[in-house]
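In the numbering used here, the protein residues as written are 1300 to 1767.
By construction, the Cβ of each residue, glycine as well, lies at the ideal position given by its N, Cα and C atoms.
For reference, the structure discussed in these notes is given below.
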């Protein structure tokens, strides 16, 4: 019994459990359910930003002010800026978006947060398009899609909505999803492979996690080719060769100007691998794995263990050839791997900062793919007992539903506190000339730099200086 099944059958899409599959053209109106849930979630997020967002620049955003000035004055060296490194990332495209929005809105941070919501919404649309064929062929498919839609835009990402600019995190998610979407549709060399490469390039120069798209894209194309007919296999040689060439060129260019990782990152890895820390390392890893489903450290370990056991259950069934992968399984598996590998990167980078750092809200834009990817992967498997498949899908549906409900309530609870804190920050920045270094350091760790950059914002009447 093969691990990978070459299946040429076309799955029929049905909204709810029926005795006979319903043609797609006859049931499209059912799709309004989950698109309606997506629109409803977007409206909730819009109201959330309107209620709690504050026009105040904080923390890492201050490091971008000199480049904003160069951009506005036409002095920005785009070639150099493309390779500019912030921590381990090269956030060229998110920062260009920031500069454009800042110029139009006089750097109103709230406008940036609305722009971030647009990116999050587009990511949700891309995920639904990927999941559509896999989930709507199942009984209760519309319910599954509705839960995924709500989960992708829940308030677990409250930091990305009201706590300043998080363009890198949300942008890499969007670019990866759309690169994956077009790669999944590749059958020969055409415009789709070009669009996928462009999206992958933008994702790479948004956040370090974007580098994962290149090896994962190779994996997807190789597996898709293996599960296709002879004619398609031959036709896919050209896009595979183009993707390999683009991967080599972009990754080489990326690391040619790479400044290396921070010392604390290499120290984290050494500490995690040291003797006597196995139990603590495992607890830390399970906490990171629980990021998209849990916001508090005490329950995160148990949630992470449950997620880990479910992953083991599914993968051992696939490896032992009890459940078979088809071509439709490759894109969900790639999405799952991106979520898991990104979680591993977060685990290595933030493990020494405590459980709260691993459960940081902004990471949910990336880590959510581990849950959604697993969900759609299981849905796409064949040769699986219907009862077992429904049981696994029910567990994940319940987890996403409860996580959406609980994190929405938490987001609503934390919103007023965030607004109060950022209103205080806005007042401190507005009075930067007379504020103490201690107070300024709550806005940016280096008060001297803040005093250096604030006059330009004041001169341009940007952000808080535009409200006088």
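Using C-beta distances below 8 Å, list every residue in its chain close to residue i, excluding the 5 sequence neighbours before and after it, in chain order.
{"i": "residue 1333", "result": "1427, 1441, 1444, 1445, 1447 and 1448"}
{"i": "residue 1324", "result": "In this predicted model, residue 1324 has a pLDDT of only 42, less than 50, meaning its place in the structure is not dependable; the value taken from the coordinates is given anyway. Closer than 8 Å at Cβ, skipping near neighbours: no residue."}
{"i": "residue 1600", "result": "1582, 1585, 1586 and 1589"}
{"i": "residue 1534", "result": "1486, 1487 and 1488"}
{"i": "residue 1527", "result": "1305, 1486, 1535 and 1626"}
{"i": "residue 1345", "result": "1413 and 1416"}
Going straight from the alpha carbon of residue i to that of residue j, what length do you get?
{"i": "residue 1664", "j": "residue 1500", "result": "19 Å"}
{"i": "residue 1485", "j": "residue 1522", "result": "12 Å"}
{"i": "residue 1480", "j": "residue 1362", "result": "34 Å"}
{"i": "residue 1413", "j": "residue 1610", "result": "35 Å"}
{"i": "residue 1380", "j": "residue 1615", "result": "45 Å"}
{"i": "residue 1642", "j": "residue 1589", "result": "9 Å"}
{"i": "residue 1710", "j": "residue 1459", "result": "11 Å"}
{"i": "residue 1628", "j": "residue 1680", "result": "6 Å"}
{"i": "residue 1514", "j": "residue 1719", "result": "44 Å"}
{"i": "residue 1672", "j": "residue 1429", "result": "10 Å"}
{"i": "residue 1683", "j": "residue 1422", "result": "30 Å"}
{"i": "residue 1713", "j": "residue 1455", "result": "11 Å"}
{"i": "residue 1697", "j": "residue 1705", "result": "12 Å"}
{"i": "residue 1322", "j": "residue 1613", "result": "With a pLDDT of 40 at residue 1322, under the threshold of 50, the predicted position of this residue should be treated as unreliable, though the coordinate-derived value follows. Straight-line Cα distance between these residues: approximately 30 Å."}
{"i": "residue 1365", "j": "residue 1756", "result": "10 Å"}
{"i": "residue 1262", "j": "residue 1390", "result": "Look at the range of the chain in this structure, 1300 to 1767, and you will see that residue 1262 is not part of it."}
{"i": "residue 1723", "j": "residue 1604", "result": "39 Å"}
{"i": "residue 1701", "j": "residue 1433", "result": "23 Å"}
{"i": "residue 1550", "j": "residue 1651", "result": "28 Å"}
{"i": "residue 1548", "j": "residue 1752", "result": "36 Å"}
Is residue i near residue j, with beta carbons less than 9 Å apart?
{"i": "residue 1758", "j": "residue 1406", "result": "no"}
{"i": "residue 1420", "j": "residue 1341", "result": "yes"}
{"i": "residue 1606", "j": "residue 1637", "result": "no"}
{"i": "residue 1330", "j": "residue 1394", "result": "no"}
{"i": "residue 1660", "j": "residue 1457", "result": "yes"}
{"i": "residue 1545", "j": "residue 1618", "result": "no"}
{"i": "residue 1343", "j": "residue 1452", "result": "yes"}
{"i": "residue 1762", "j": "residue 1408", "result": "yes"}
{"i": "residue 1640", "j": "residue 1482", "result": "no"}
{"i": "residue 1424", "j": "residue 1725", "result": "no"}
{"i": "residue 1644", "j": "residue 1508", "result": "yes"}
{"i": "residue 1384", "j": "residue 1579", "result": "no"}
{"i": "residue 1596", "j": "residue 1655", "result": "yes"}
{"i": "residue 1721", "j": "residue 1355", "result": "yes"}
{"i": "residue 1376", "j": "residue 1369", "result": "yes"}
{"i": "residue 1437", "j": "residue 1647", "result": "no"}
{"i": "residue 1670", "j": "residue 1695", "result": "yes"}
{"i": "residue 1764", "j": "residue 1729", "result": "yes"}
{"i": "residue 1504", "j": "residue 1553", "result": "yes"}
{"i": "residue 1502", "j": "residue 1542", "result": "no"}
{"i": "residue 1556", "j": "residue 1741", "result": "no"}
Excluding five sequence neighbours on each side, which residues of the same chain lie with their C-beta closer than 7 Å to the C-beta of residue i?
{"i": "residue 1397", "result": "1363, 1411, 1464 and 1466"}
{"i": "residue 1717", "result": "1351, 1461 and 1462"}
{"i": "residue 1418", "result": "1469, 1470 and 1473"}
{"i": "residue 1750", "result": "1731"}
{"i": "residue 1336", "result": "1445, 1448 and 1449"}
With a CB to CB cut of under 6 Å and the five nearest residues on each side skipped, what residues in its chain are close to residue i?
{"i": "residue 1738", "result": "1727"}
{"i": "residue 1498", "result": "1474, 1477 and 1478"}
{"i": "residue 1317", "result": "Low local confidence applies: a pLDDT of 36 at residue 1317 is under 50, so the model's placement there is unreliable, with the coordinate-based value given in what follows. Nothing listed; no residue qualifies."}
{"i": "residue 1279", "result": "The first residue shown for the chain is 1300 and the last is 1767, placing residue 1279 beyond what the model contains."}
{"i": "residue 1657", "result": "1586, 1587 and 1649"}
{"i": "residue 1450", "result": "1699 and 1703"}
{"i": "residue 1532", "result": "1524"}
{"i": "residue 1662", "result": "1590 and 1645"}
{"i": "residue 1506", "result": "1388, 1467 and 1471"}
* Asked: Does the count of Cβ pairs from the region 1624 to 1642 and the region 1675 to 1687 closer than 8 Å reach three?
  -> Judged by Cβ distances under 8 Å, the region 1624 to 1642 makes contact with the region 1675 to 1687, as three or more pairs qualify.
* **Ranges of the alpha helix (DSSP H) found wholly within the region 1613 to 1665, counting only runs of at least 4** => 1626 to 1649 and 1654 to 1657
* Asked: Between the region 1631 to 1638 and the region 1728 to 1748, do three or more beta carbon pairs fall short of 8 Å?
  -> At 8 Å Cβ cutoff, the stretches do not touch.
* Curious, which full-length alpha helix (DSSP H) runs of at least 4 residues does the region 1401 to 1471 contain? -> 1408 to 1434, 1440 to 1451 and 1457 to 1461
* Where are the alpha helix (DSSP H) runs, 4 residues long or more, that stay fully inside the region 1485 to 1570, in chain order? -> 1490 to 1503, 1512 to 1525, 1529 to 1534 and 1536 to 1555
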